[in-house]
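Enquirer:
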Amino acid sequence: MGKRDNRVAYVNPIAAARARGPVQNSGPTIQDYLSRPRPTWEELKEQLDKKKKGSRALADFEDKMNERWKKELAKNREKLLGGSEKDKEKQEKKEKKEVCCK
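Last residue of the sequence shown: 102 (the UniProt record's numbering), numbering continuous.
#1: Are residue 47 and residue 37 closer than 9 Å when you measure CB to CB?
#2: Could you check where the alpha helix (DSSP H) with residue 33 kicks off and where it finishes?
#3: Following the continuous alpha helix (DSSP H) through residue 18, name the residue where it begins and the one where it ends.
#4: Can you tell me where the alpha helix (DSSP H) with residue 49 in it begins and where it stops?
#5: Between the alpha carbons of residue 34 and residue 28, how many angstroms are there, rounded?
Have a look at this one:
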């Protein structure tokens, strides 16, 4: 009985890739990217000005939310301040009772 042949065939990956031929492109090339249409300087300035001005609808929404927030803040302040005044009055009454009873 002879020994088995353990040798493995080695394939040069570069040679195999060359044998397959050129790769099919599946998307835009670099040349397509570089030759894409670009805005002119004036168009770019207009776009930047629009961004600086912002959206009118967004400004209105922010104003409305600010008003709501201010109203809610005022309510919470009244609750806290009103509650603390009541607590102060209760404490004063207790102190008066304690002083009187002693």
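Don't be surprised by glycine CBs; every beta carbon is placed ideally from N, CA and C.
Expert: This is what the structure holds:
#1: In this structure, residue 47 sits away from residue 37, with a CB-CB distance that is not shorter than 9 Å.
#2: Residue 33: member of the alpha helix (DSSP H) spanning 30-34, first to last residue.
#3: Following the DSSP letters along the chain, one finds residue 18 inside the alpha helix (DSSP H) bounded by residues 13-20.
#4: First-last of the alpha helix (DSSP H) with residue 49: 41-53.
#5: Note on geometry: alpha-carbon atoms of residue 34 and residue 28 lie some 10 Å from one another.
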